[in-house]
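Note sheet for the following structure.
In the working numbering, the protein residues as written are 426 to 949.
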C-alpha cells in the first residue's frame, strides 16, 4: 500500500510476508474458541507471530456477542505488533441495536429518530457494540472491502500504530447501551489512512457544551497528535446524523484530499489541516461551521469548495442564534480564533441567506466569550480565492479581513435550484450544486495550472490531475476556483465520459448498497 510504504518507511520489497491465513465462515461473532468465527480469527492472529491475514466469506453478526471489554462494549483487541490484514470481500460486520421507549416506541438503527438517549423506563433490547481496540505499536493493520453497520464505534487506535482502510463503508453507527464514541479515534503517534471510504448516516448522539460549538466532542473521526490521510473519502453526515463534525483533530496533521463532506465539518486545534481538492456541502439542520481553526491550529483550504446554508439551519434556529450562544453565532462558515489560522488558496466559500439573521460575523477571526473580549485568529486568502460577501461583511470588509486586496468577491459562484421551496434558496444536489456557474467568477481563474500552480497531493507528493468527481482538473492550462472543474467544451468521447464520472457513480452505488436506499446527498 502506498501509504504504508511512505509513512512506515518500508519498501514494497520489504513488506512483511503473511505468517498465517485465517478464514471466517461463521455468521455469529463467536469467541476465541469458536473455530472460523471472526472473534477466533483475530485471537489466532494475535497469538501467531508475523503478519497474518483474515478473510471473510460471509457477513458477521455481533448481536448477543461476547465482548472483550464489558464496560465499553469493545468486541476485541488487536495486539500483534507485526500487523494484520483483514480482507472483507464486501461482507459486513453488523449489529441491530435498539430499545423500546417507556411509551412502547421502538428506536433502532433504521428508525430516523434523533433521540438515541436511553431514559428511565426504556428497555434496552440490544446495545451497539464497538469493533476493536488496536494496541500500541501495532505496525500495520489494513482493512479492505468491509461494511461496518449498526455498531457503536469501529476502531480505537493506540499510540504509534498504523491503520489503513480501503474501499469500505461505515454506516448507521449508534450509541445504544454504551457511551457514544467516534467511528475512529486515533491516539498520539498513530496514522490512519482512508482510501475510498464512505461514512454514511452516523448518529453517535453528541454531548455538547451549550454555547461552545467549537468543542466537538464526538466527531466521525477524532485524533490527538496523530496523522490522518483521507483520500477519495465521503463523509455523508446528512439526514439522521447527529455526529458533531466529520473530523476533529488536536495536534498532528490531517490531510483530506479529493473528498466530499456533507453536513458538520472540520475542526483543527494545535495542528495542521490540509483540505485539498474537496467539497464541503450543507447537510440538513445544522449551523455548525464548515472549517474551524483554534488554539494555534492551521487550516489550509486548497482548491476546495465550501458551501453554507443558513436558510435551512435550525440548530439553533439561525434567526435566534445570537441570543442562544455566547459566540455571535454558532455556525459561521469560517471560524478562526484563539490564535488559529485559516488560509484559502484558490478556494471558494459560498453561502445562502446572505442576510444571516442574528449572525454578526459569518467569517470570523475572533471568539467572543462572556467578557466580550475577542481572542484573535487569522483569516488569509490568495488572489485566486472567492468569498461571497454578506450584508454585514461587504467586499471591502472581506478584503481587509482576509488580508487580500485582490480577493474575488463579485458574481454568482454557483447556480441555485429554482425548483426549491421557495425558489433559489438551495444549492442543486451534487454534483451540479458544486459545479461553478459557467458564467460566474470561478471559471478559468488559476493560470499555469499544469506547471507553477499545479495541485500537489500532501499525502504522497503526487500531482492531482482530476477534480473531486474525476473530471480533468485543468482546461487549457487553467484551473477553476474550488474543487470542481467545468466540463471541457464540446462532447466528450464515450470512454472519456465513463472515466470522468466512474468514481462518482461507484461511490453512489456503494452508498446505496450499504444503506439499502439511494437517499445519500453526499455523492449526488
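Here a beta-carbon is modelled for each residue, glycine too, at the ideal position from N, C-alpha and C. Values in this document were obtained by computation on a predicted structure and should not be read as measured data.
How would you label residue 530, buried or exposed, when you count the other beta carbons within 10 angstroms and need 16 or more for buried?
-> Taking the first residue of the chain shown as position 1, residue 530 is located at position 105. Flag for residue 530 reads exposed.
Let me know the secondary structure DSSP gives residue 926 once reduced to three states.
-> Locating residue 926 in the chain shown gives position 501, where the first residue counts as 1. Only weak support exists for where residue 926 lies, its pLDDT of 36 falling under 50; the coordinates are left without a value.
Which of helix, strand or coil DSSP assigns to residue 469 | For the purposes of this step, residue 469 is taken as residue 44 along the chain shown, with counting starting at 1. Looking at residue 469 - three-state DSSP - the assignment turns out to be helix.
Does DSSP classify residue 479 as helix, strand or coil?
-> The residue given as residue 479 occupies position 54 in the chain shown. When DSSP states are grouped into helix, strand and coil, residue 479 belongs to the strand group.
Please work out which residues of its chain come closer than 6 angstroms, Cβ to Cβ, to residue 518, disregarding the five sequence neighbours upstream and downstream, and give them in chain order.
-> As a first step, residue 518 must be located in the chain shown, where it is residue number 93. Same-chain partners within the cutoff: 485, 573.
Would you decide whether residue 816 is buried or exposed? Buried here means 16 or more other CB atoms lie within 10 Å of its CB.
-> Against the chain shown, residue 816 aligns to sequence position 391. With fewer than 16 Cβ atoms within 10 Å of its Cβ, residue 816 is classed as exposed.
DSSP three-state call for residue 665: helix, strand or coil?
-> As a first step, residue 665 must be located in the chain shown, where it is residue number 240. For residue 665, the pLDDT reaches just 47, beneath the cut-off of 50, and the residue's location in the model is therefore unreliable, leaving the point undetermined.
What is the DSSP secondary structure of residue 677, counted as helix, strand or coil?
-> On the chain shown, position 252 is the one that residue 677 refers to. Correct three-state label for residue 677: coil.
What's the gap between the Cα of residue 836 and the Cα of residue 846?
-> Position 411 of the chain shown, counted from the start, is the residue given in the question as residue 836. Position 421 of the chain shown, counted from the start, is the residue given in the question as residue 846. So the two alpha carbons sit approximately 23 angstroms from each other.
Going by DSSP, what residues sit across from residue 533 in a beta bridge?
-> Here the question's residue 533 lines up with position 108 in the chain shown. Bridge partners of residue 533: 523.
On a CA-only basis, which of 808, 903, 674, 585 is nearest residue 833? Give me that one, please.
-> If you number the chain shown from 1, residue 833 lands on position 408. Comparing Cα-Cα distances from residue 833 to each of 808, 903, 674, 585, the minimum goes to 808.
Return the residue from the list 772, 619, 563 that minimises the CA-CA distance to residue 569.
-> Position 144 of the chain shown, counting from 1, holds the residue named residue 569. Measuring from the Cα of residue 569, the nearest candidate turns out to be 619.
Smallest Cα separation from residue 650: which of 717, 812, 586, 478?
-> Reading the chain shown from its first residue, position 225 is the one you call residue 650. Residue 586 is the option with its Cα nearest to residue 650.
CB residue 659 to CB residue 623, shorter than 7 angstroms?
-> Within the chain shown, the letter at position 234 stands for residue 659. Within the chain shown, the letter at position 198 stands for residue 623. In this structure, residue 623 lies closer than 7 angstroms to residue 659 by Cβ.
Alpha carbon to alpha carbon, how far is residue 899 from residue 610?
-> Here the question's residue 899 lines up with position 474 in the chain shown. Here the question's residue 610 lines up with position 185 in the chain shown. Rounded to whole angstroms, residue 899 to residue 610 spans 36 angstroms at the Cα level.
When DSSP builds the beta bridges, which residues end up paired with residue 1011?
-> The structure shown does not extend to residue 1011, since the chain is modelled only from 426 through 949, so no value can be given for it.
Alpha carbon to alpha carbon, how far is residue 469 from residue 444? Give it in angstroms, no decimals.
-> Residue 444 sits at position 19 when you count from the first residue of the chain shown. Residue 469 sits at position 44 when you count from the first residue of the chain shown. Distance between residue 444 and residue 469, taken at the CA atoms: about 11 angstroms.
Give the secondary structure of residue 820 by DSSP, where H, G and I count as helix, E and B as strand, and everything else as coil.
-> As a working mapping, residue 820 is identified with position 395 in the chain shown. Look at residue 820 here: in three-state DSSP terms it is helix.
Using DSSP with H/G/I as helix, E/B as strand and the rest coil, what is residue 826?
-> As a first step, residue 826 is located in the chain shown; it is residue number 401 there, counting from the start. DSSP places residue 826 in helix when its eight states are reduced to three.
Just how far apart, CA to CA, sit residue 381 and residue 867?
-> With the chain covering only 426 through 949, there is no way to say anything about residue 381.
Within this structure, are the beta carbons of residue 514 and residue 481 separated by less than 7 angstroms?
-> Your numbering for residue 514 matches position 89 in the chain shown. Your numbering for residue 481 matches position 56 in the chain shown. The answer is yes: Cβ separation under 7 angstroms.
Measuring CA to CA, which of 456, 644, 721 is closest to residue 764?
-> Mapped onto the chain shown, residue 764 falls at position 339. Measuring from the Cα of residue 764, the nearest candidate turns out to be 721.
What did DSSP end up calling residue 801 once you bin it into helix, strand or coil?
-> Numbered from its first residue, the chain shown carries residue 801 at position 376. In the displayed model, residue 801 falls within a strand according to three-state DSSP.
Contact under 7 angstroms by Cβ, residue 828 with residue 805 | Counted from its first residue, the chain shown places residue 828 at position 403. Counted from its first residue, the chain shown places residue 805 at position 380. Result yes, Cβ atoms of residue 828 and residue 805 sit closer than 7 angstroms.
What number of angstroms, rounded off, separates the C-alpha of residue 766 from the C-alpha of residue 697?
-> Counted from its first residue, the chain shown places residue 766 at position 341. Counted from its first residue, the chain shown places residue 697 at position 272. About 10 angstroms.
Measure the C-alpha to C-alpha separation of residue 904 and residue 874 and round it to an integer number of angstroms.
-> Numbered from its first residue, the chain shown carries residue 904 at position 479. Numbered from its first residue, the chain shown carries residue 874 at position 449. Just so you know, the alpha carbons of residue 904 and residue 874 end up roughly 6 angstroms apart.
Alpha-carbon spacing of residue 526 relative to residue 575, whole angstroms | Position 101 of the chain shown, counted from the first residue, corresponds to residue 526. Position 150 of the chain shown, counted from the first residue, corresponds to residue 575. For residue 526 and residue 575, the distance between alpha carbons rounds to 19 angstroms.
Taking residue 504 as the reference, which of 588, 488, 545 has the closest Cα?
-> Within the chain shown, residue 504 is the residue found at index 79, counting from 1. Residue 504 has its Cα closest to that of 588, out of 588, 488, 545.
I think residue 856 touches residue 849, with their Cβ atoms under 8 angstroms apart; what is that distance to the nearest whole Å?
-> Counting from one through the chain shown, the residue named residue 856 turns up at place 431. Counting from one through the chain shown, the residue named residue 849 turns up at place 424. Here residue 856 is actually not in contact with residue 849; their C-beta atoms are around 19 angstroms apart, not less than 8 angstroms.
Can we count residue 855 as close to the ligand FMN, meaning its CB is less than 6 angstroms from some heavy atom?
-> Only the bare structure without any ligand can be found here, which leaves the ligand FMN out of the picture.
What is the DSSP secondary structure of residue 648, reduced to helix, strand or coil?
-> Position 223 of the chain shown holds residue 648. When secondary structure is reduced to three states using DSSP, residue 648 falls in the strand class.
Under 6 angstroms Cβ to Cβ from residue 909, same chain only, skipping five residues before and after it: list those, please.
-> Taking the chain shown and counting its residues from 1, the one referred to as residue 909 is at position 484. Excluding sequence positions up to five before and after residue 909, its CB lies within less than 6 angstroms of the CB of 859, 860, 892, all in the same chain and listed in chain order.
Given residue 716 as reference, the closest of 654, 661, 788 once Cα atoms are compared = Counted from its first residue, the chain shown places residue 716 at position 291. Out of 654, 661, 788, 788 has the C-alpha closest to the C-alpha of residue 716.
CA-to-CA distance, residue 498 to residue 702, given in whole angstroms | On the chain shown, position 277 is the one that residue 702 refers to. On the chain shown, position 73 is the one that residue 498 refers to. Whole-angstrom Cα-Cα distance: 37 angstroms.
Which same chain residues, not among the five before or five after residue 676, have their C-beta less than 7 angstroms away from its C-beta?
-> Residue mapping note: residue 676 aligns to position 251 of the chain shown, counting from 1. Only residues of its own chain outside the window of five on either side were considered, and among them 649, 650, 695, 696 have a CB closer than 7 angstroms to the CB of residue 676, listed in chain order.
Extent of the continuous beta strand (DSSP E) to which residue 611 belongs | Along the chain shown, one-based indexing puts residue 611 at 186. Boundaries of the beta strand (DSSP E) around residue 611: 609 to 611.
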